[in-house]
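Shown next, in structure tokens, is the structure this report addresses.
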Amino acid sequence: MQGRIPAMIAASCLALLSLKYPPVSVVSSASVALVTLRRGGSEGLYILGCAALAASLMGFFILGNFQFALAYVMILWLPIWLISIVLREGRYLSLAVEIAVFLGVLGVIVAHSFMADPTATWKQILIQMAPASAPLGNTQRTIEMLSQFMTGVIATGSVVGLLLGLFLARWWQATLYNPGGFRQEFLSLNTHPRYTVLTVLVIVVALLHLGTISDVAKNIGLVLIVHHIFIGAAILHTIFAAKKLARYSVPILYVSMILIPHILLLVALVGLTDRLLNLRKNKFEPSGAK
Numbered sequence: 106m107q108g109r110i111p112a113m114i115a116a117s118c119l120a121l122l123s124l125k126y127p128p129v130s131v132v133s134s135a136s137v138a139l140v141t142l143r144r145g146g147s148e149g150l151y152i153l154g155c156a157a158l159a160a161s162l163m164g165f166f167i168l169g170n171f172q173f174a175l176a177y178v179m180i181l182w183l184p185i186w187l188i189s190i191v192l193r194e195g196r197y198l199s200l201a202v203e204i205a206v207f208l209g210v211l212g213v214i215v216a217h218s219f220m221a222d223p224t225a226t227w228k229q230i231l232i233q234m235a236p237a238s239a240p241l242g243n244t245q246r247t248i249e250m251l252s253q254f255m256t257g258v259i260a261t262g263s264v265v266g267l268l269l270g271l272f273l274a275r276w277w278q279a280t281l282y283n284p285g286g287f288r289q290e291f292l293s294l295n296t297h298p299r300y301t302v303l304t305v306l307v308i309v310v311a312l313l314h315l316g317t318i319s320d321v322a323k324n325i326g327l328v329l330i331v332h333h334i335f336i337g338a339a340i341l342h343t344i345f346a347a348k349k350l351a352r353y354s355v356p357i358l359y360v361s362m363i364l365i366p367h368i369l370l371l372v373a374l375v376g377l378t379d380r381l382l383n384l385r386k387n388k389f390e391p392s393g394a395k
């Protein structure tokens, strides 16, 4: 951490760059989160405000529209600033993850409250986005399916981006001031049994075909599963790290999660069953540890 000015420059420039390269937004939000985690909410808010002003000015000169740039960075940074305060004061990564997921669930509920027919709205948007050269039959089926889940997909993507930014900031902080601290925090990720029960109940309601209630449950379920995916990843990381060839198996786990999305369902299942099976009851030690 080299001071306020570098933090402001990094956050604002990376935020605008993320408009073209979305993954860069994770690093931008992590810049704000790192300051908040290390120096507190007030300092984080100061950096956020000044960086937002800088991004607005750059947006005015580059995009010709400062309102869009300002709205974008506030949506990007305010949630992670809030979650960073929770993590700094509460010191529990699991609690911060749960609150991030709660914000995503709240977003789904608000969207369904203000949109008369979310499925129909998303269907129209997806039809406009579909390439003209795509096969009509396949496109219609895909749009029909996706339109039911788009609110949840967007909320889930937002929560994942928020958490990746938080994890990056926490790792960054640990690297600078507490080497190895983030690894210990991440591998101990868990949740309250009530959260697991709630997730299962929401999934059951989503499968019951209860009209609007089931539609909302489908989208909320997508968001709730995020926490279980991270828990499952932490469990599998712990197990693989205790095996031979851990230096290969652990990276392969994360690469597979990125390249093969279907694996996320299995990882989430591991996270869901953790409380029931207590998969981490044995204290694994990384291979080669003395």
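Under my numbering, the first residue of the sequence shown carries the number 106, and numbering increases by one thereafter. We put the CB at the ideal spot given by N, CA and C, even for glycine. Note that this is a predicted model, so its numbers are computed, not measured.
What does a CB cutoff of less than 8 Å around K125 pick up in its chain, not counting 5 residues either side in sequence?
Stepping through the sequence shown from its first residue, residue 125 is reached at position 20. Around K125: no qualifying Cβ.
Do the segment 206-226 and the segment 162-176 meet, that is, are 3 or more Cβ pairs less than 8 Å apart?
At 8 Å Cβ cutoff, the stretches do not touch.
Alpha carbon to alpha carbon, how far is G376 from L175?
Within the sequence shown, the letter at position 271 stands for residue 376. Within the sequence shown, the letter at position 70 stands for residue 175. The alpha-carbon atoms of G376 and L175 are separated by roughly 37 Å.
State buried or exposed for K388, treating a residue as buried only when at least 16 other CB atoms are found within 10 Å of its CB.
Sequence index remark: in the sequence shown, residue 388 carries index 283 (1-based). In this predicted model, K388 has a pLDDT of only 46, less than 50, meaning its place in the structure is not dependable enough to derive any value.
Could you spell out where the alpha helix (DSSP H) holding Y197 opens and where it closes?
Walking along the sequence shown from the start, residue 197 turns up at place 92. Unbroken run through Y197: none, as it is neither H nor E.
Locate the alpha helix (DSSP H) running through Y151, then write down its first and last residues.
Your numbering for residue 151 matches position 46 in the sequence shown. First-last of the alpha helix (DSSP H) with Y151: G146 to I167.
Let me know if Q229 comes out buried or exposed under the rule of 16 or more other beta-carbons within 10 Å of its beta-carbon.
If you number the sequence shown from 1, residue 229 lands on position 124. With fewer than 16 Cβ atoms within 10 Å of its Cβ, Q229 is classed as exposed.
Since T256 and N324 should fall inside the 8 Å C-beta cutoff, what is the C-beta to C-beta distance between them, to a whole number of angstroms?
Reading the sequence shown from its first residue, position 151 is the one you call residue 256. Reading the sequence shown from its first residue, position 219 is the one you call residue 324. At roughly 5 Å, the Cβ-Cβ gap stays under 8 Å, so T256 and N324 are in contact.
Kindly indicate which three-state DSSP category L384 falls into: helix, strand or coil?
Counting from one through the sequence shown, the residue named residue 384 turns up at place 279. It is coil, neither helix nor strand.
State the Cα-Cα distance for the pair F335 and A373, rounded to the nearest angstrom.
Along the sequence shown, one-based indexing puts residue 335 at 230. Along the sequence shown, one-based indexing puts residue 373 at 268. Cα-Cα distance, rounded: 8 Å.
Does the separation of the CB atoms of I188 and G146 fall below 8 Å?
Looking up residue 188 in the sequence shown gives position 83. Looking up residue 146 in the sequence shown gives position 41. No.
Identify, in the order they occur along the chain, each residue of the same chain with its Cβ nearer than 6 Å to the Cβ of V210, setting aside the five sequence neighbours on each side.
As a first step, residue 210 must be located in the sequence shown, where it is residue number 105. Here the set comprises I325 and V328.
Leaving out the 5 sequence neighbours to the left and right, which residues in its chain are closer than 6 Å to L153 when beta-carbon positions are compared?
Position 48 of the sequence shown, counting from 1, holds the residue named residue 153. Answer for L153: V137, W182 and W186, listed in chain order.
Following the continuous alpha helix (DSSP H) through N324, name the residue where it begins and the one where it ends.
The sequence position of residue 324 within the sequence shown is 219, counting from 1. Segment T317 to A346, the alpha helix (DSSP H) holding N324.
Would you list, in sequence order, the uninterrupted beta strand (DSSP E) runs of no fewer than 3 residues that lie entirely inside the segment 228-288?
You should have found no qualifying run.
What does a CB cutoff of less than 6 Å around V309 pick up in its chain, not counting 5 residues either side in sequence?
In the sequence shown, counting from the first residue as 1, residue 309 sits at position 204. There are no such residues.
Measuring CA to CA, which of R380, A260 and I357 is closest to Y300?
Taking the first residue of the sequence shown as position 1, residue 300 is located at position 195. The shortest Cα separation from Y300 among R380, A260 and I357 belongs to R380.
Could you round the C-beta distance between V307 and A322 to whole angstroms and report it? I think they count as a contact, below 8 Å.
Taking the sequence shown and counting its residues from 1, the one referred to as residue 307 is at position 202. Taking the sequence shown and counting its residues from 1, the one referred to as residue 322 is at position 217. Right, their Cβ atoms sit about 5 Å apart.
Pick helix, strand or coil for G108, following the three-state DSSP scheme.
Start at 1 with the first residue of the sequence shown, and residue 108 comes out as number 3. DSSP places G108 in coil when its eight states are reduced to three.
L371 lies in the alpha helix (DSSP H); which residues open and close that run?
Along the sequence shown, one-based indexing puts residue 371 at 266. Start and end: I368 to L377.
Could you check whether the Cβ of G376 sits closer than 8 Å to any Cβ belonging to chain C?
Of the chains in the structure shown, none is chain C; there is only one protein chain.
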